[in-house]
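Below is one structure, written out as structure tokens; comments come after it.
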Amino acid sequence: MALSLGWHIVLACMGVGMPALLLIAEWRAVRRGDPDCRRLIERWARTTGVLFAVGAVSGTILSFELGLLWPGMMGLYGEVIGLPFALEGFAFFIEAIFIGIYLYTGGLLSPALRAWTLVPVAVAGVASAFFVVTANAWMNQPRGFTLDGGRITQVDPWAAMFNPATPPQTVHMILAAFMVAGFATASVYAVAMLRGRRDRYHRLGFAIPFTVAAIVTPFQILVGDLAARFLAHYQPVKLAAMEGLYRTGPDAPLTIGGFATGEGLRYGLEIPGALSILVGESTDTVVRGLSEVPPADRPPVTVVHLAFDLMVGIGFFLLALSAWFALAWWRRRDLPRSRWFPRLAALSGLAAAVAVEAGWVVTEVGRQPWIVYGVMRTADAVNPAPGLWAGFLIVSAVYVVLTVVTVYVLRRLAGGERPLAPQEPEPEPGQVPS
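Numbering (UniProt numbering), first residue to last: 1 to 434.
Spelled out as structure tokens, the structure:
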């Protein structure tokens, strides 16, 4: 399940973010008659089609794994959390129908009407992410049922879907999707610019997605802070693992790095009182530590803590890169002139994807040993049948094939990025896509 989710989540992010990027490019092309924008649209549309098809395969595998790997959870709680999966199915089919219309009606519809077919694609992509994440939010804050003698009664699917964890988790994930799609797309053109392709087409291909991601990034940092405060009240053990905090009390330190050993965190950089300030805006704020629960009820602290530090570190790196871009654009209406900017921008897509993976490690591993927080342990939910390793090897082989095929096709598409006409000379300072 971890392999499937880790592989699928990046494609899911692209599926949420790419239609929005295409819609922005379509709007620009229709409004200004921009030929470079039209070329970008054709490249991005093909890429979106490929990623959507591959994501549909990996998403189907995940849906089967829910029932095959977790019969203890789905057998008991399926009626509670079935609603968001059903709604996600509707969203997926709406997205599939309209992305087909968009891809295959280039010569049949007017540019403006064709652009409008992207609106349901973009909305359905965001809705899909929302519905799936509500199910995961329920696993963190189970609501909408009564457990009576091992039986589920008084089921309220809407209360289950709109549980307390739904707002912070869904917003955090959707913003992350736009960051991954924006930075990943921009990084392709950053690499091209490092190789000397600084014509208007490549600058525009960089500027549109990077601007979207740069706008989203500070909001994501804010939502991440709110999500951490949410955990302090609703999942204090997870927050304690994220911060490597063992002792309950005020003046709780914020620790960067370090490894869990016994009843403490070693080799980390402590900032006294910082965690209490972040949680309650005062060093007097009491933050609960891991010592309040027995070791059997604690998640793997080192894994969760380092994954959280990695996610936060990458988030602030992308925030700094976005601020650099914004400052240069505000001062000169130009990209930053330093050659270090495209070098770092070329890494931004990979960095954003790693941050999403680290975030899901925090979400899932930080909930352990529970699969449904405080109600059902992971050991009680997993399929006890022998032979799961064989299934794991088969699924791994499938993902290897999918990875090879996807990379091959995308590289072939990237080969078409070469200019159709001789490149423009490198722009003078101030010459940017208007």
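For each residue, glycine too, the CB sits at the ideal point set by N, CA and C.
Fair warning: this is a prediction, and the values are worked out from it, not measured in the lab.
Tell me the DSSP secondary structure of residue i in three-state form.
i: Arg-377; result: strand
i: Pro-419; result: With a pLDDT of 42 at Pro-419, under the threshold of 50, the predicted position of this residue should be treated as unreliable, and no value is reported.
i: Glu-263; result: coil
i: Glu-270; result: strand
i: Val-188; result: helix
i: Thr-302; result: helix
i: Glu-424; result: For Glu-424, the predicted model reports a pLDDT of 46, less than 50, meaning its position is unreliable and no value from the coordinates is stated.
i: Thr-153; result: strand
i: Val-287; result: strand
i: Leu-254; result: strand
i: Gly-249; result: strand
i: Val-237; result: helix
i: Val-16; result: helix
i: Val-54; result: helix
i: residue 474; result: The structure shown does not extend to residue 474, since the chain is modelled only from 1 to 434, so the question has no answer here.
i: Val-293; result: coil
i: Leu-11; result: helix
i: Asp-36; result: helix
i: Tyr-399; result: helix
i: Met-193; result: helix
i: Asp-225; result: helix
i: Phe-219; result: helix
i: Gly-430; result: Low confidence applies here, because Gly-430 scores a pLDDT of 43, under 50, leaving its location unreliable and the question unanswered by this model.
i: Pro-164; result: coil
i: Met-173; result: helix
i: Glu-26; result: helix
i: Met-1; result: coil
Quick check on this structure: which residue in the options has the alpha carbon closest to the alpha carbon of residue i?
i: Val-356; options: Ala-190, Gly-313 and Ile-277; result: Gly-313
i: Leu-290; options: Ala-320, Met-73 and Ala-241; result: Ala-241
i: Ala-122; options: Lys-238, Val-16 and Trp-330; result: Val-16
i: Pro-253; options: Leu-278, Ala-358, Gln-235 and Pro-120; result: Leu-278
i: Pro-386; options: Ile-61, Leu-62, Leu-68 and Ile-215; result: Leu-68
i: Asn-140; options: Val-409, Val-398, Leu-393 and Tyr-373; result: Tyr-373
i: Glu-270; options: Leu-245, Glu-281 and Val-191; result: Leu-245
i: Tyr-102; options: Arg-333, Thr-48, Val-188 and Met-193; result: Thr-48
i: Thr-378; options: Trp-70, Ile-41 and Met-161; result: Trp-70
i: Pro-111; options: Ile-41, Val-50 and Val-395; result: Ile-41
i: Gly-55; options: Val-398, Ala-25 and Tyr-267; result: Val-398
i: Leu-306; options: Trp-330, Gly-150, Phe-259 and Arg-331; result: Phe-259
i: Met-1; options: Val-382, Val-401 and Arg-411; result: Val-382
i: Ala-274; options: Ser-282, Leu-51 and Val-409; result: Ser-282
i: Ile-256; options: Pro-272, Glu-263, Pro-157 and Pro-250; result: Pro-272
i: Arg-247; options: Tyr-267, Arg-46 and Arg-288; result: Arg-288
i: Gly-6; options: Trp-360, Val-401 and Met-376; result: Trp-360
i: Ala-328; options: Met-18, Ala-214, Glu-65 and Gly-89; result: Ala-214
i: Ala-177; options: Ala-326, Asp-156 and Ala-129; result: Ala-129
i: Pro-300; options: Gly-264, Arg-412, Trp-324 and Phe-98; result: Gly-264
i: Met-376; options: Pro-209, Leu-147, Arg-43 and Ile-97; result: Leu-147
i: Phe-341; options: Thr-406, Pro-35, Trp-330 and Met-193; result: Met-193
i: Ala-190; options: Leu-310, Arg-339, Pro-167 and Ala-53; result: Arg-339
Can you tell me whether residue i sits near the ligand MG, meaning its C-beta is under 7 Å from at least one heavy atom of the ligand?
i: Thr-283; result: The ligand content of the structure shown is nil, which means the ligand MG is not present either.
Skipping 5 residues on each side, what residues in its chain have a beta carbon closer than 6 Å to that of residue i?
i: Val-10; result: Ala-353
i: Ala-184; result: Gly-349
i: Lys-238; result: Leu-231 and Gly-366
i: Asn-163; result: Ala-137, Trp-138, Gln-141 and Arg-143
i: Ile-61; result: Ser-4
i: Ala-20; result: Ala-122
i: Ala-351; result: Ile-314
i: Leu-51; result: Leu-11 and Met-14
i: Ile-371; result: Met-73, Thr-378 and Ala-381
i: Glu-88; result: Ser-128, Phe-131 and Val-132
Excluding sequence positions up to five away, which residues of its chain have a Cβ less than 8 Å from the Cβ of residue i?
i: Thr-261; result: none
i: Gly-315; result: Thr-217, Gln-220, Ile-221, Gly-224 and Ala-355
i: Ala-421; result: For Ala-421, the predicted structure reports a pLDDT of 37, less than 50, and the residue's modelled location is therefore unreliable. The matter cannot be settled from this model.
i: Ala-414; result: Val-188
i: Pro-429; result: Reliability fails at Pro-429, whose pLDDT of 45 lies under 50, so the model's placement of it is uncertain and the value that follows must be treated cautiously. These residues qualify, in order along the chain: Arg-332, Asp-334 and Arg-337.
i: Asp-297; result: Val-237 and Pro-369
i: Val-304; result: Lys-238, Ala-241, Met-242, Val-361, Val-362, Val-365 and Gly-366
Tell me which residues share the same chain as residue i and place their Cβ nearer than 7 Å to its Cβ, disregarding the 5 neighbours each side in the sequence.
i: Ile-81; result: Ala-135, Trp-138 and Ala-160
i: Val-293; result: Val-237
i: Glu-76; result: First, the amino acid is wrong: residue 76 is Leu here, not Glu. Cβ within range, chain order: Ile-152.
i: Val-126; result: Val-16 and Ile-174
i: Glu-426; result: Confidence in Glu-426 is poor, its pLDDT being 47 and thus under 50, which makes the residue's placement too unreliable to answer from.
i: Phe-92; result: Ser-128
*asked:* Counting beta carbon pairs with one atom in the segment 24 to 31 and one in the segment 365 to 376, are three or more of them shorter than 8 Å?
replied: No: the two stretches stay apart, fewer than three of their Cβ pairs being nearer than 8 Å.
_Completely contained alpha helix (DSSP H) runs for the segment 60 to 148, where each covers 4 or more residues_ = For the segment 60 to 148, whole alpha helix (DSSP H) runs of length 4 or above, ordered along the chain, are 71 to 104, 111 to 116 and 118 to 140.
*Using 8 Å as the Cβ pair cut-off and three pairs as the minimum, do the segment 123 to 135 and the segment 167 to 176 touch?*
Contact between the segment 123 to 135 and the segment 167 to 176 is present, because at least three Cβ pairs lie under 8 Å.
*Sufficient close CB pairs (3 or more, under 8 Å) joining the segment 20 to 27 to the segment 202 to 216*: Here the segment 20 to 27 lies against the segment 202 to 216, with 3 or more beta-carbon pairs under 8 Å apart.
*Contained alpha helix (DSSP H) runs [length at least 4] in the segment 300 to 380, N- to C-terminal order*: Listed in chain order, they are 301 to 332 and 340 to 365.
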